[in-house]
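Undergrad: In full-length UniProt numbering, the protein residues as written are 1 to 48.
Structure incoming, see below.
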Amino acid sequence: DKTLRLWDLAAGKTTRRFEDHTKDVLSVAFSVDNRQIVSGSRDKTIKL
């Protein structure tokens, strides 16, 4: 879907939602220090 979600796996709950893409999210990458996330979407955008 168009939403990127971060999960607390121990609690089984979403901790953060990012809803900036207008089409499906196809890829996600985290920085080495886990402070940044980049996502790519079918809407031909990359979000940081």
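The beta-carbon is built from N, C-alpha and C at its ideal position, and this holds for glycine as well.
What are the complete beta strand (DSSP E) segments, minimum 3 residues, inside the UniProt repeat "WD" (1–17)?
TA: Entirely contained in the UniProt repeat "WD" (1–17), the beta strand (DSSP E) runs reaching 3 residues are, in chain order, 4–8.
Undergrad: R16 to T3, Cα distance in whole Å?
TA: Residue numbering aside, residue 16 sits at position 16 when the sequence shown is read from its first letter. Residue numbering aside, residue 3 sits at position 3 when the sequence shown is read from its first letter. Their backbone Cα atoms lie some 10 Å apart in a straight line.
Undergrad: Sorted by chain position, which residues of the same chain lie with C-beta nearer than 6 Å to V28's C-beta, five sequence neighbours on each side aside?
TA: What you label residue 28 is simply residue 28 of the sequence shown in a count that begins at 1. Only S39 meet the Cβ criterion.
Undergrad: If we ignore side chains and look at the alpha-carbon of each, how far apart do R5 and I46 end up?
TA: Stepping through the sequence shown from its first residue, residue 5 is reached at position 5. Stepping through the sequence shown from its first residue, residue 46 is reached at position 46. Between R5 and I46, the C-alpha separation is close to 16 Å.
Undergrad: For S31 and L48, what's the separation of their Cα atoms in angstroms?
TA: Position 31 of the sequence shown holds residue 31. Position 48 of the sequence shown holds residue 48. Rounded to whole angstroms, S31 to L48 spans 10 Å at the Cα level.
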